[in-house]
Ligand SMILES: Cc1ncc(COP(=O)(O)O)c(C=O)c1O
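Numbering (my numbering), first residue to last: 22 to 385.
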């Protein structure tokens, strides 16, 4: 939903001549931090870059372990690997599809340096449980909220405001987009200084252009992107509401489809930040064939998400096999993402629901 506000904001930056390392970066960071209730934030070139810097900032390094979910986009597992650390997977909760706190606790060992819960499909992870585990075991938390902008915890506080490094992503399909981009919400100025330096080739803010006092990367987000982000932040509530409207339409339209598992309902004050609408087909249905038939009928669905530990890189590098995380594998084998975008009309949602129902009835 890009409108005139976005166009004007980008044109202003183009006219200013300062396309990067300019004032929009800090403006966007401040506005974003205020929105999620964080102390400060550091804008970066992608969610993946944010995860990488956040893990470095909490001290994850060579030989460490990071406990995380196998039911996520691959970037959350890849990020520890960049630092020669090992992602240690633990199974997920069958209802929320988030990392199961008991399974995570059982996976924590001597080498665990951090827990990396993912707020999958925008549904908040059980942070109370992870915080208590982290403080018992003296380990850090990095939150992957790349899919969860707009989500609220049970106490009404936004995801991203609990003081842990929390990473959001702004790729084109996200609630707020800068085309590519991300931001790390942070609980302290000290962490921000480290991230700001490492995203900018390791240069401290008060150093000369070609002086660098640590290893860094080019993970900067341009002023053009930040201007786009700022403009969208000003109407984020209506963008989130548009997504919630489509989700509610799907819920109604699919309520009577036998055996289908819908995304879990918001419980106990928690609110999902709607990102995708993923359903689990009944056991015994050929998921891939159903997807093929729907695509042939013009409905753009896809199997989603694949279990990370069963991807070839993870099998080969870490020796993972089927059967290790049964809940994740079962959910992953039955899940499909339905078409989901904020401007979807009632009729489009109804057509998807009718086509899906027809495919499921074919087999009975
Ligand atoms: C859960 C999760 N983590 C990490 C990422 C990575 O974000 P990006 O694509 O901005 O690098 C994504 C993005 O799709 C995501 O969905």
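Glycine is no exception: its CB is placed at the ideal position from the N, C-alpha and C atoms.
Query - Length-filtered (3 minimum) beta strand (DSSP E) runs lying within the segment 190-233 - result: 203-207
Requested in this report: Just the C-alpha distance for residue 188 and residue 383, rounded to the nearest angstrom, thanks.
Outcome: 42 Å
Query raised in the report: Under a criterion of Cβ closer than 6 Å to any non-hydrogen atom of ligand 1, which residues qualify, in chain order?
Result: 67, 68, 69, 93, 94, 96, 97, 139, 165, 167, 168, 190, 192 and 203
Report task. Taking only the alpha-carbon atoms, compute the straight-line gap between residue 302 and residue 334 and give it to the nearest angstrom. Result -> 27 Å
Query raised in the report: Quick one: what's got a C-beta closer than 7 Å to residue 223's C-beta in the same chain, skipping five residues either side?
Result: 233, 234, 235, 236 and 237
Requested in this report: Quick one: residues in its chain with C-beta nearer than 7 Å to the C-beta of residue 376, no 5 flanking neighbours on either side, listed in chain order?
Outcome: 315, 318 and 320
Report task. For the beta strand (DSSP E) containing residue 357, list its first residue and its last residue. Result -> 356-359
Requested in this report: Using three-state DSSP, classify residue 161 as helix, strand or coil.
Outcome: Strand, per DSSP.
Report task. Can you tell me the Cβ-Cβ gap for residue 97 and residue 201, rounded? I've got them flagged as a contact below 8 Å. Result -> Beta-carbon to beta-carbon, residue 97 and residue 201 are separated by about 17 Å, too far to satisfy the 8 Å threshold.
Query raised in the report: Under the rule that 16 or more other beta-carbon atoms within 10 Å means buried, what is residue 356, buried or exposed?
Result: buried
Query - Among 29, 274, 55 and 44, nearest to residue 183 - alpha-carbon criterion - result: 55
Query - Cβ contact (3+ pairs, closer than 8 Å) linking the segment 273-280 and the segment 366-381 - result: yes
Requested in this report: Taking only the alpha-carbon atoms, compute the straight-line gap between residue 132 and residue 84 and give it to the nearest angstrom.
Outcome: 7 Å
**Report entry** Cβ distance (whole Å) where residue 173 is taken to contact residue 63 below 8 Å
**Finding:** In fact, because the Cβ distance is near 23 Å, the residues do not count as touching under 8 Å.
**Report entry** Three-state class that DSSP yields for residue 117 in the structure shown
**Finding:** coil
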